[in-house]
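Under the working numbering, the first residue of the sequence shown is numbered 68, with each subsequent residue one higher.
For each residue, glycine too, the CB sits at the ideal point set by N, CA and C.
In what follows, a structure is listed as structure tokens, so that the remarks can point back to it.
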Amino acid sequence: MVLLLKIKSQFWANYQPREEGNRSSQIVKKFKQALEQHYKDLSNGKIELLHQPQDYANMQNLNASYLSQVIKSKTGKSISHWIADKTIGQAKALLLHSSKPVKEIAFQLGFSETAHFSNYFKKHTRKTPTSFKKLDQ
68 MVLLLKIKSQ FWANYQPREE GNRSSQIVKK FKQALEQHYK DLSNGKIELL HQPQDYANMQ
128 NLNASYLSQV IKSKTGKSIS HWIADKTIGQ AKALLLHSSK PVKEIAFQLG FSETAHFSNY
188 FKKHTRKTPT SFKKLDQ
């Protein structure tokens, strides 16, 4: 019993719940920074592929399911939701503020097929990229 009490007191002496929370916060912060940088690089043509959740986990040397769990618990949104929101936001900005054709915007955002981009955009906005672009004109 004494041994168990000593183990318990040692555990609680070293337990830092704020540091655990800070670790999760740092993971979220690094994820958001990596997401922003990735879309900046996509927009500037430095890279051509969209990152998947596994890519963001690899950047922090984490397991993808652990990263997903931390992001979901801290933000209320999944990694896929963050990626989709950012992709659609970038797509909308490019459609509204550039004269590039939809095909070029699709490739710039990492889509290899214009049809795939159009389906993705419509799934998230209920409009095709072309109809979205025409609404602003």
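Item                                                                                                                                                        : Value
On a Cα-Cα basis, can you pick out the residue from Lys139, Leu162, Gln104, Trp149 that is closest to Lys194?                                               : Leu162
In this structure, does DSSP put Ile125 in helix, strand or coil?                                                                                           : Correcting the residue type first, residue 125 is Asn in the shown sequence and not Ile. Helix, per DSSP.
What did DSSP end up calling Asn117 once you bin it into helix, strand or coil?                                                                             : Note that residue 117 is Leu in the sequence shown, not Asn. It is coil, neither helix nor strand.
Under three-state DSSP, which class holds Glu180?                                                                                                           : coil
Nearest to Pro120 by CA position, among Ile114, Asn111, Leu134, Ser110, is which residue?                                                                   : Leu134
The alpha helix (DSSP H) with Ser147 in it runs from where to where?                                                                                        : 146-164
Work out the CA separation of Lys201 and Ala101 for me, nearest whole Å.                                                                                    : 32 Å
Is the CB-CB distance between Ser185 and Pro196 below 8 Å?                                                                                                  : yes
Look at the Cβ atom of His118, then the Cβ atom of Ile155, and state whether they are nearer than 8 Å.                                                      : no
Would you call the region 109-117 and the region 88-97 in contact, with 3 or more CB pairs under 8 Å?                                                       : no
For a test of the three-state rule: what should DSSP assign to Leu195, helix, strand or coil?                                                               : For the record, residue 195 in the displayed sequence is Thr; it is not Leu. Residue state, collapsed to three classes: coil.
Note down, in chain order, each residue of its chain lying with its Cβ closer than 7 Å to the Cβ of Lys97, except the 5 sequence neighbours on either side. : Gln127
Starting from Lys141 and walking both ways along the alpha helix (DSSP H), at which residues does that stretch end?                                         : 131-142
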